[in-house]
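K.L.:
In this text, residue positions in the sequence shown follow the working numbering: the first is 193, and each later residue adds one. Built from N, CA and C at the ideal position, the CB exists for glycine as well. Bear in mind the structure is a predicted one, so any value in this text is a computation, not a measurement. If you scroll down you'll find the structure; I have some questions about it.
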Amino acid sequence: MKPTVLVVPILLVEACTTPPPPTRPTIAQQADSIARIFEVPVAYAPRVLDSATVLAFAGQHPGDSAAISDFYRRRGFHYAWFIGDSVGSAARNVLNLFPASDTAGGISSVPGRTGLQRLLMRMDTLQFTDSLRAATELALTAGFFQAANAKYGGIIQRDPRELEWYIPRKKKNYDRLLDSLVAGVNDLTPIEPLSPQYTRLKNALKFYASLDTLPWPTIAWKKGRTPGDSLLALLRSRLVLLGDLPTVADSLIGDSLFAAGVMSAQHRFGLKETGEPDPDLLAELNVPPADRQRQILLNMERQRWLPARPDSNGIMVNIPAYRMLVYEEGHIAWTMNVVVGADASRTVMFSGDLSQVVMAPYWNIPQSIIRSEILPAVKRNPGYLARKNMEVVMGGQVVPASSIDWKKYTKGVPFTIRQKPGPGNALGRVKFLFPNSYSIYFHDTPAKDKFLRDQRAFSHGCVRLSEPLRLAKYLLRNDSAWTPERINTAMNAKTETTVRLKKPVPVVLGYFTAWVDRDGIVSFRRDVYGHDARLAAELFAGEGGAQASVR
Numbered sequence: 193m194k195p196t197v198l199v200v201p202i203l204l205v206e207a208c209t210t211p212p213p214p215t216r217p218t219i220a221q222q223a224d225s226i227a228r229i230f231e232v233p234v235a236y237a238p239r240v241l242d243s244a245t246v247l248a249f250a251g252q253h254p255g256d257s258a259a260i261s262d263f264y265r266r267r268g269f270h271y272a273w274f275i276g277d278s279v280g281s282a283a284r285n286v287l288n289l290f291p292a293s294d295t296a297g298g299i300s301s302v303p304g305r306t307g308l309q310r311l312l313m314r315m316d317t318l319q320f321t322d323s324l325r326a327a328t329e330l331a332l333t334a335g336f337f338q339a340a341n342a343k344y345g346g347i348i349q350r351d352p353r354e355l356e357w358y359i360p361r362k363k364k365n366y367d368r369l370l371d372s373l374v375a376g377v378n379d380l381t382p383i384e385p386l387s388p389q390y391t392r393l394k395n396a397l398k399f400y401a402s403l404d405t406l407p408w409p410t411i412a413w414k415k416g417r418t419p420g421d422s423l424l425a426l427l428r429s430r431l432v433l434l435g436d437l438p439t440v441a442d443s444l445i446g447d448s449l450f451a452a453g454v455m456s457a458q459h460r461f462g463l464k465e466t467g468e469p470d471p472d473l474l475a476e477l478n479v480p481p482a483d484r485q486r487q488i489l490l491n492m493e494r495q496r497w498l499p500a501r502p503d504s505n506g507i508m509v510n511i512p513a514y515r516m517l518v519y520e521e522g523h524i525a526w527t528m529n530v531v532v533g534a535d536a537s538r539t540v541m542f543s544g545d546l547s548q549v550v551m552a553p554y555w556n557i558p559q560s561i562i563r564s565e566i567l568p569a570v571k572r573n574p575g576y577l578a579r580k581n582m583e584v585v586m587g588g589q590v591v592p593a594s595s596i597d598w599k600k601y602t603k604g605v606p607f608t609i610r611q612k613p614g615p616g617n618a619l620g621r622v623k624f625l626f627p628n629s630y631s632i633y634f635h636d637t638p639a640k641d642k643f644l645r646d647q648r649a650f651s652h653g654c655v656r657l658s659e660p661l662r663l664a665k666y667l668l669r670n671d672s673a674w675t676p677e678r679i680n681t682a683m684n685a686k687t688e689t690t691v692r693l694k695k696p697v698p699v700v701l702g703y704f705t706a707w708v709d710r711d712g713i714v715s716f717r718r719d720v721y722g723h724d725a726r727l728a729a730e731l732f733a734g735e736g737g738a739q740a741s742v743r
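So, in C-alpha cells, the structure goes:
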C-alpha cells in the first residue's frame with residue numbers, strides 16, 4: 193500500500209496581502225540543478241598533489257593505473273578526500289561502497305576492505321605531515337577502485353575462465369561514480385554500473401535473510417493427504433512464508449487455492465506444474481534460507497561479471513533453466529524451452545553474435561560423435577550411413593561409403609561425414625549460427641519429446657529449440673525478401689539455404705540458478721553442471737561446509 197502524502201497549505205499573511213507565488217523553475221533549470229549533483233565541485237581542495245607522485249603511485253596499481261591518473265588530471269591534481277587538514281566525510285563513504293551488505297551468506301573478505309577500515313579508524317588520531325597526507329589521499333583513491341572493482345566487477349580475484357565462464361568481462365568505467373562520491377552524493381544507486389537483476393537479487397537476499405530466525409523443519413513426503421494432517425499444515429505454512437500462498441487462515445485455503453500455491457512453487461523451481469506435492473517439490477521447499485542466500489550471492493557475483501550495459505536487444509539462454517529469453521529494449525519479449533548439453537557434453541558459457549540462419553541444413557558430424565557413435569555403428573552395420581541419410585565427403589566430393597575401409601579407423605576419420613537435409617536430420621529444419629570456437633549453435637530437432645520434461649540436459653552441447661520456426665521468422669521479420677511462407681518453404685526443402693542477417697543479434701549463454709522477475713518472484717534452479725559448487729569454493733573460501741550446502 194502506497195503511503196498517502198498530505199499537503200497542508202500555509203497561508204502567510206503580511207500587511208493584509210498575500211505575496212505572489214514563487215516563480216517555478218523551468219524544466220531546463222531543474223535539469224541543470226540535477227545535473228550539477230553529479231559534477232565535480234568547482235571549489236577543489238586548495239592542496240595540490242605532486243603530479244609525479246600521483247603517476248608513480250598509479251604505476252604501482254596496474255589494474256587501475258589509467259583511472260587513477262585520469263581522476264587527478266581531471267581535478268588538476270587537487271586533493272579529493274581532504275577538507276583543509278582533515279579527511280572529509282566522503283572518505284568514509286568509500287568503505288560503505290565495499291559489498292559488505294551483500295556478504296550475509298559468509299563471503300570471504302573482500303580484498304582491501306580490512307586495510308581501508310583500519311586506516312579510517314585511525315584518521316582522527318593521525319598527525320598529518322605533507323607526505324602522510326599525500327599517502328593517505330592516494331590510499332583512499334586506490335581503496336575506492338578496489339571497492340568498485342569488487343562490488344561492480346566481481347569479488348573473486350580468480351579469472352572466471354578458470355570457472356568455465358567465457359563471457360568477456362569488460363572493464364567498467366567508474367568516473368561518474370567516483371566524482372559523485374567525492375561530491376558528497378549519498379545515493380549512488382541510479383548511477384551504479386549494475387543490471388536491474390542485481391538489485392532484485394539483493395532485495396531477495398534480504399528477504400531470505402529475514403527467514404533466518406524462523407524454524408525450518410523438514411517436510412517429509414508421503415502419498416495422500418487428509419484434513420488436519422500436520423505435514424499438510426506445515427506445507428501450507430511454508431508456501432505462505434515463501435509467497436506462494438496468501439496469508440490467510442488455513443480454513444480459507446481450499447483445494448483449488450492450495451493447488452494454485454503448489455503450482456506457483458513448482459513454477460519457481462522449474463518443476464512440472466501438477467498442483468500436487470511430490471518429492472521434488474518438497475526437496476526444494478526444505479532447502480534452508482541460509483543455503484538460498486548463498487545461492488543468491490553466487491548469482492549476484494555472476495551479475496557483476498556481465499557488461500555494465502549489455503545490449504538491450506538480444507538473446508539469452510539460461511542453461512540451468514533450460515530456457516531461451518528474447519529481449520527487446522531491455523525487457524523479455526518472449527521465451528521458449530530449450531534442451532542443453534548433457535553433463536558429459538556441457539553447453540559452454542560464452543557470448544557471441546548470431547549472424548546466419550541456415551534452412552534445411554546439413555549436419556557435419558563432429559569427430560567426437562564419429563568416434564563414439566558413428567564408427568561403432570558402421571562397423572556393426574555397413575548400411576548404417578545410408579539408413580541415417582548420411583554421406584561421406586572427401587576433398588569436396590561425395591564418395592561411396594562402401595569404398596572406405598572402416599576397420600582401420602578408431603579415433604576419428606580424415607574426411608567429413610554429414611547428414612543430408614530431411615525430416616530425420618539431427619538439426620531438424622533450421623540452425624542458427626553465431627561463430628565461436630566451441631562449435632555450439634542453436635537448432636531444431638526431430639526429438640520433440642524431450643521438451644516435455646522439466647530437466648532437459650540431453651544434447652551433445654548445442655542448444656535445441658522448441659520453437660525454431662518462431663525464431664527464424666523473428667530474426668528475419670525486417671527482411672522483406674523473407675516472408676513467413678518463403679521461410680517455411682526453405683526449411684522443408686532438400687537443399688541447404690543460408691541467410692546472413694543484416695544486423696547480427698547479440699547472444700549470451702549464461703548460467704544463473706537464481707533470478708528475480710519484474711514482479712519480484714524469486715526462482716531457483718538446480719546446479720546441473722556443478723558450476724555453483726565450484727564458484728562457492730572461491731566465494732565462500734574459509735567457510736566450512738559452504739561448498740556442500742550450495743545446490
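By Cβ distance, which residues of its chain are closer than 7 angstroms to ILE409, with the 5 residues on each side in sequence left out?
P.N.:
Here residue 409 turns out to be Pro, not Ile, going by the sequence shown. Excluding sequence neighbours, PRO409 sits near LEU426.
K.L.:
Can you grab the Cα-Cα spacing for the pair THR405 / TRP707, in whole Å?
P.N.:
23 angstroms
K.L.:
Would LEU385 pass as a contact of LEU369 if the rule is Cβ separation under 9 angstroms?
P.N.:
In the sequence on display, residue 385 carries Pro and not Leu. Contact: yes.
K.L.:
Find the nearest neighbour of LEU731 within the set ARG361, ARG496, VAL584 and ALA283, judged by alpha-carbon distance.
P.N.:
ARG496
K.L.:
Taking the C-alpha atoms as reference points, what is the distance between LEU667 and LEU625?
P.N.:
12 angstroms
K.L.:
Please look up how many angstroms separate the CB atoms of THR584 and ILE566, rounded, as I've assumed it's under 8 angstroms.
P.N.:
First, the amino acid is wrong: residue 584 is Val here, not Thr. Contact doesn't hold; Cβ gap of about 11 angstroms is too wide.
K.L.:
Assuming ARG484 contacts PHE716 under a Cβ cut-off of 8 angstroms, what Cβ separation, rounded to an integer in Å, is found between them?
P.N.:
Cβ atoms of ARG484 and PHE716 come within 8 angstroms of each other, at about 7 angstroms.
K.L.:
So, using beta-carbon positions, are PRO558 and LEU619 closer together than 9 angstroms?
P.N.:
no
K.L.:
Considering only the beta carbon of each residue, do ALA639 and VAL509 sit closer than 9 angstroms?
P.N.:
In this structure, VAL509 does not lie closer than 9 angstroms to ALA639 by Cβ.
K.L.:
Do the stretch 569-587 and the stretch 595-611 make contact, defined as three or more Cβ pairs closer than 8 angstroms?
P.N.:
Yes: at least three Cβ pairs fall under 8 angstroms.
K.L.:
Candidates LYS600, LEU577, SER257 and GLU677: which alpha carbon is nearest VAL591's?
P.N.:
LEU577
K.L.:
Could you tell me the alpha carbon to alpha carbon distance between PHE650 and GLY533, rounded to whole angstroms?
P.N.:
Computed Cα separation, rounded: 5 angstroms.
K.L.:
Of the choices ALA513, ASN365 and ARG350, whose alpha-carbon is the least far from that of ARG718?
P.N.:
ALA513
K.L.:
Go through its chain and collect everything with a Cβ distance to ARG648's Cβ below 8 angstroms, but skip five positions before and after it.
P.N.:
Correct list, in chain order: TYR514, ASN529, VAL530, VAL531, VAL532 and LYS642.
K.L.:
Where THR192 and THR381 are concerned, what is the direct C-alpha to C-alpha distance, given to the nearest angstrom?
P.N.:
Nothing about residue 192 can be read from this structure; the chain reaches only from 193 to 743.
K.L.:
Just to confirm my understanding: we take ASP646, look at its own chain, exclude 5 residues before and 5 after, and list those with CB closer than 7 angstroms. What are they?
P.N.:
GLY462, LEU463 and LYS464
K.L.:
To test your reading of the DSSP string, which unbroken alpha helix (DSSP H) runs of 4 or more residues are found completely within the stretch 363-404?
P.N.:
367-374 and 388-401
K.L.:
Exposed or buried, which one is VAL700 when buried takes at least 16 other CB atoms within 10 Å?
P.N.:
buried
K.L.:
Could you check how far apart the C-beta atoms of ILE348 and PHE542 are, in whole angstroms? I think they sit under 8 angstroms.
P.N.:
About 19 angstroms separates the two Cβ atoms, so there is no contact after all.
K.L.:
Is DSSP giving PHE542 helix, strand or coil here?
P.N.:
strand
K.L.:
By DSSP, does THR608 sit in helix, in strand, or in coil?
P.N.:
Assigned with DSSP and collapsed to three states, THR608 falls in strand.
K.L.:
Hey, out of ARG239, ARG662, ARG325 and ALA525, whose CA is closest to PHE634's CA?
P.N.:
For the residues ARG239, ARG662, ARG325 and ALA525, the minimum Cα distance to PHE634 belongs to ARG662.
K.L.:
Just the Cα atoms here: how many angstroms apart are ASP421 and PRO480?
P.N.:
23 angstroms
K.L.:
Buried or exposed, going by whether 16 or more other CB atoms sit within 10 Å of the CB of PRO388?
P.N.:
Counting every other CB atom within 10 Å of its CB across the protein chains shown gives PRO388 a total below 16, marking it as exposed.
K.L.:
Rounded to a whole number of angstroms, what is the C-alpha to C-alpha distance between GLY346 and GLY435?
P.N.:
Cα to Cα, GLY346 sits roughly 31 angstroms from GLY435.
K.L.:
Where do the ends of the alpha helix (DSSP H) carrying GLU476 lie?
P.N.:
471-477
K.L.:
Where THR333 and TYR264 are concerned, what is the direct C-alpha to C-alpha distance, given to the nearest angstrom?
P.N.:
Rounded to the nearest angstrom, the gap between the Cα atoms of THR333 and TYR264 is 10 angstroms.
K.L.:
Between LEU517, ALA244 and PHE274, which has its C-alpha nearest GLU659's C-alpha?
P.N.:
LEU517
K.L.:
Nearest-angstrom Cα distance between LEU403 and VAL720?
P.N.:
26 angstroms
K.L.:
Would the beta-carbon of GLU677 fall within 9 angstroms of that of VAL550?
P.N.:
no
K.L.:
Considering Cα atoms alone, identify which of ALA258, GLY712, GLY614 and ARG239 is closest to LEU247.
P.N.:
ALA258
K.L.:
Pull up the distance between the alpha-carbon of MET582 and that of GLY614, whole angstroms please.
P.N.:
11 angstroms
K.L.:
Let me check one thing: in DSSP terms, what residues is SER537 bridge-paired to?
P.N.:
Its beta-bridge partners do not exist; DSSP assigns none.
K.L.:
Distance, Cα to Cα, ILE562 vs SER261?
P.N.:
56 angstroms
K.L.:
For a test of the three-state rule: what should DSSP assign to VAL440, helix, strand or coil?
P.N.:
coil
K.L.:
Out of curiosity, what's the CA-to-CA distance linking LYS362 and ALA569?
P.N.:
46 angstroms
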